[in-house]
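What follows is one structure encoded as structure tokens, with my remarks underneath.
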Amino acid sequence: MAAPGPLYCLTMFSVLALAANGKHVAVFGGMMRSHHLTVVPLIEGLLEHGHDVSFVVPNTTEHRSYFPKGVDSATMVFLGTEDWAFDTLFSGPEYDFKNLPWYKKPLLFAKELSTYRSTLGLPLFSLHDQLG
């Protein structure tokens, strides 16, 4: 018998969380608007079952505009102190990895490895300090 897949595990976790009494749940929406919109039904379901929910999103003007009034009665938690946007954070053809010609991908990979430490300082990747 094969091991259960990640979707099965996520579904089972969600069912168990809904069955529990009055827990405080932190929900991470992701980085893009579509990711945040996807978890809204999960947040509403958790709230309907009496849980306290914190919706964690990056602290940007762009992300704040997605839910100006919040999501139902969930607590909005904004991580980060810098205002940034995807348009300015990763701009240029070298970041369009999916549409890059195959012969340019190894060079991009080498460049990413050589600038790995400085990349971790970007707002997108430096949010993890506030989660501790």
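Quick note: the sequence shown uses my numbering, first residue 18, plus one each step. No residue lacks a Cβ here, since even glycine has one placed at the ideal position from N, Cα and C. Owing to the predicted nature of the structure, the values given are computational and were not obtained by experimental measurement.
For residue i and residue j, I'd like the C-alpha separation in whole angstroms.
i, j, result
"Leu-117", "Ser-82", "31 Å"
"Ser-135", "Glu-129", "10 Å"
"Thr-55", "Gly-87", "15 Å"
"Tyr-133", "Phe-95", "25 Å"
"Asn-76", "Val-57", "18 Å"
"Lys-115", "Thr-98", "30 Å"
"Ser-131", "Thr-78", "31 Å"
"Gly-46", "Pro-85", "15 Å"
"Phe-126", "Met-48", "22 Å"
Tell me, which residues are paired with residue i by DSSP?
i, result
"Pro-75", "Leu-96"
"Asp-69", "His-41"
Alpha carbons only, please: which of the options is nearest the one belonging to residue i?
i, options, result
"Ser-51", "Glu-65, Leu-63, His-80", "His-80"
Under the assumption that residue i contacts residue j (Cβ atoms under 8 Å), give the Cβ distance between them as a whole number of angstroms.
i, j, result
"Val-42", "Val-73", "Their Cβ separation, rounded to whole angstroms, is 11 Å, which puts Val-42 and Val-73 out of contact at 8 Å."
"Gly-62", "Gly-39", "That pair is no contact at about 15 Å."
"Val-44", "Leu-59", "7 Å"
task: Answer yes if the stretch 118 to 128 comes into contact with the stretch 89 to 97, meaning at least three C-beta pairs across the two stretches below 8 Å, and no otherwise.
output: no
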